[in-house]
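Residue numbers (my numbering), protein chains in the order written: chain A, 6 to 117; chain B, 6 to 117.
The beta carbon of each residue, even a glycine, is placed where N, CA and C say it ideally should be.
Model, not experiment: these values are computed from the prediction.
To start, the structure itself, in C-alpha cells.
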DNA sequence: ATTTTATGACTATTATAATAGCCATGTCAG
DNA sequence: CTGACATGGCTATTATAATAGTCATAAAAT
C-alpha cells in the first residue's frame with residue numbers, strides 16, 4: 006500500500022532538512038551514542054530517530070530540534086537557550102514596529 | 006476537551022522554534038504578505054501557518070522550512086539550496102570516516 | 001571464525017497533526 | 001466614522017506521524 010504523496014517541497018527545504026539530519030547523525034557518532042541510546046534520551050522511538058537522521062520532512066520540528074540539542078548541534082549559531090532567546094527578543098521588537106495586519110491594496114511588495 | 010500533554014521539550018528547543026516562527030512572521034510582513042496569501046503559496050492551511058508562526062513544536066519540519074524559504078529566512082546561513090547541499094556533502098564525508106555502528110563497550114564517551 | 005549487537009527496513013496500530021470552516025475581534029484604508 | 005478584511009481562536013473531521021515490534025544484515029569485539 007503505497008501512500009499517496011500529495012505535498013511537494015522545494016529543493017532548499019529538502020536540502021536543509023537532510024543537512025540537519027546528517028549533522029545529528031554526526032553529532033551522535035562523535036559522542037559514541039547508539040541510535041537506541043539517543044532515542045531513549047530524547048523520549049522517542051528508534052524508528053523516528055532514523056527518520057530524523059535521514060531528513061524526513063514530515064517529522065515534528067520539536068523532535069528534530071530536541072535531538073539536535075542533545076547531540077550538540079547548534080541551532081541559529083547559538084549553543085544555549087539564553088542566546089537564542091535574546092535573538093528572539095530582538096525580532097519581537099522589529100515585529101512590534103510593523104503594522105499588525107497587512108493590507109494588500111497598494112501592491113508594493115518591496116523586497117527590502 | 007484538554008489534550009493530554011505527555012512529551013516535554015528542553016528550553017533550547019522551545020526557544021529555537023519560537024525564534025524561527027518569529028523570523029517567518031517578520032519575513033512575511035516585510036514582504037507585505039497576508040497569512041492567507043503565504044499559506045496559499047506554501048500549500049498549507051492558514052491555521053497551520055498560524056501554528057508555525059507561533060512556534061508550535063508539533064508542526065512538520067518540512068512545513069516550517071518551506072514557509073521559511075518562501076519568505077527569505079536563511080537556514081544554516083545559506084540563501085540557496087546549492088550552498089546547503091555543499092555543507093551536506095562535507096558532513097557526509099566526515100560521516101564516512103566514522104565507524105558504521107557504534108559499540109558501547111569501552112564507555113569512553115570522549116567529548117572531542 | 002564466532003558471537004554479539006547496532007542498524008536498516010518493514011507492518012499494524014494508535015496518537016495526533018493538518019485541514020476546512022466558522023465566528024469574533026481588531027485594525028487599516030477610504 | 002465605517003466598512004472591508006486580516007487575524008486569532010475555536011470545532012469536527014480526515015490524513016498521517018509516531019510507536020512497538022519483528023526480521024535481516026552487517027560490522028564490531030572476542
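DSSP, reduced to helix, strand and coil, places residue 75 (chain A) within a helical segment of the structure shown. Secondary structure of residue 31 (chain A) (DSSP, three-state): helix. In the structure shown, the three-state DSSP call for residue 68 (chain A) is helix. Looking at the DSSP output, residue 80 (chain B) shares a beta bridge with B:83. Within chain B, 12 and 13 have C-beta atoms less than 8 Å from the C-beta of residue 48 (chain A), given in sequence order. Residue environment for residue 34 (chain B): buried (at least 16 other C-beta atoms within 10 angstroms of its C-beta). By the criterion of a C-beta distance shorter than 8 Å, residue 84 (chain A) is surrounded in its chain by 77, once the five residues flanking it on both sides are discounted. Of A:20, A:32, A:90 and A:102, the smallest CA-CA separation from residue 100 (chain B) is found for A:32. Under the criterion of beta carbons closer than 8 Å, residue 24 (chain B) and residue 92 (chain A) qualify as touching, at roughly 6 Å.
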